[in-house]
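To keep things clear, I will list the structure first and then write my remarks on it.
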Amino acid sequence: MTLAGSSAGLETLLAEDGVVEVPFAPPGFPSRFEGPAAVAARRTLMAGLFRFTAMRDVVVHQTTDPEVAFVEYELEAVRVADGVRAAAPFAVLIRVRDGQVVLWREYQDSAAMARFVS
């Protein structure tokens, strides 16, 4: 949604009690967001720092739990402040219940992200 230029983001898919966790968030960035409003605020913060330009090499892995999927991808972005472009791999564990995301646990290349946000 963000890549398509839509104003909607993950918060439109998140359950009211849904959680986004980023265990390896870059220094100075929160690692947990609870509920759609907090996730929307995160998206707004990130939009002021980065403009996402591409998502590549998406691989979805099914699990034995029908509520859970594991997704790998590479995300490319441009830093708003100076136009620097970078890409990093991500992996996300997603739990969906009753058609809504209840958990989005995002793992990212911490070293690449720390270089990009500094």
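Its first residue numbered 1187, the sequence shown is counted upward by one per residue in the working numbering. Ideal Cβ positions, reconstructed from N, Cα and C, are used throughout, including at glycine. Please read all numbers here as calculations on a predicted model, not as lab measurements.
Cutoff 6 Å; reference Leu-1196; Cβ partners in own chain excluding five residues on either side = Taking C-beta separations shorter than 6 Å and ignoring five residues to either side along the sequence, the partners of Leu-1196 in its chain run Val-1225, following chain order.
query = Over what stretch of residues does the alpha helix (DSSP H) that includes Thr-1239 continue unbroken?
reply = It is not in any alpha helix (DSSP H) - Thr-1239 instead sits in the beta strand (DSSP E) that spans 1236 to 1248.
ask   = Should the stretch 1229 to 1242 be regarded as contacting the stretch 1201 to 1214, the criterion being three or more beta carbon pairs within less than 8 Å?
value = no
query = Based on the DSSP output, what are the partners of Ala-1224 in its beta bridges?
reply = According to DSSP, Ala-1224 bridges with nothing at all.
inquiry  = For Phe-1276, tell me which candidate among Val-1266, Asp-1295 and Glu-1220 has the shortest Cα-Cα distance.
reply    = Asp-1295
task = Mark Pro-1252 as exposed unless 16 or more other C-beta atoms lie within 10 angstroms of its C-beta, in which case mark it buried.
result = exposed
DSSP-derived helix/strand/coil call for Leu-1199 = coil
request  = Write down the C-beta distance between Glu-1292 and Val-1205 rounded to the nearest angstrom, noting that I regard them as a contact closer than 8 Å.
outcome  = Not quite, the Cβ-Cβ distance comes to about 11 Å (not below 8 Å), so this is no contact.
Own chain partners of Ala-1201 with C-beta closer than 6 Å, once the 5 adjacent residues on each side are dropped = Contacts found: Gln-1286 and Val-1288.
key: Where Leu-1231 falls, given that 16 or more other Cβ within 10 Å makes a residue buried   = Result: exposed.
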